[in-house]
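Novice: The structure under discussion is supplied below as structure tokens; questions concerning it will follow.
Numbering (the numbering used here), first residue to last: 139 to 277.
This is the structure we're talking about:
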């Protein structure tokens, strides 16, 4: 018999069965991209790339979410060689396009009870906070 991962055991159907806790976790970038796609963020927009970067940074350093205009946007701008104002505008445009195309259905379906925006469309800060929280909870 071949050696199995700790906690895994042989299974005739699939070879080796491993409980979910021992399976390799999906790449963070894949999880972020998948969630943004489920929400309906158009992947061809520059704001989508900035959202991916923002969510990755927020997962690494949640404190950045407390001051997005002073901390998060300048950091993203530096990584993408642009201005913080351009980052903010592109993210706002990506969110607006998402809601113009599909309304809030995709957003609410992907985020469930976390999607608690007051109006039709969340602010950049609400969108980033709710999406990052959803990723932290395992989306």
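Built from N, CA and C at the ideal position, the CB exists for glycine as well. None of these values were measured; they are calculated from a predicted model.
1) For residue 206, collect the residues of the same chain with a Cβ closer than 6 Å to its Cβ; drop the 5 residues on either side in sequence, then sort them by chain order.
2) By how many angstroms is the C-alpha of residue 194 removed from the C-alpha of residue 167?
3) Is it true that the CB of residue 245 sits closer than 8 Å to the CB of residue 177?
4) Where residue 268 and residue 173 are concerned, what is the direct C-alpha to C-alpha distance, given to the nearest angstrom?
5) What is the rounded straight-line gap between the Cα of residue 224 and the Cα of residue 232?
6) Between which residues of its own chain and residue 190 is the CB-CB distance below 6 Å, once the five residues before and five after are set aside?
7) Would residue 135 be called buried (16 or more neighbouring beta carbons within 10 Å of its own) or exposed?
8) Could you give the distance in angstroms between the alpha-carbon of residue 196 and the alpha-carbon of residue 202?
9) Does any CB atom of chain D fall closer than 8 Å to the CB of residue 178?
10) Alpha carbon to alpha carbon, what distance is there between residue 274 and residue 215?
11) Can residue 222 and residue 211 be called in contact, C-beta distance under 8 Å?
Specialist: Let me spell this out:
1) 263
2) If I take the Cα positions, the gap works out to 7 Å.
3) yes
4) 12 Å
5) If I take the Cα positions, the gap works out to 12 Å.
6) Hits under 6 Å: 170.
7) Any property of residue 135 remains undetermined from this structure, which presents the chain solely from 139 to 277.
8) 6 Å
9) Here there is only one protein chain, and chain D is not present.
10) Put simply, the backbone Cα of residue 215 is about 24 Å away from that of residue 274.
11) yes
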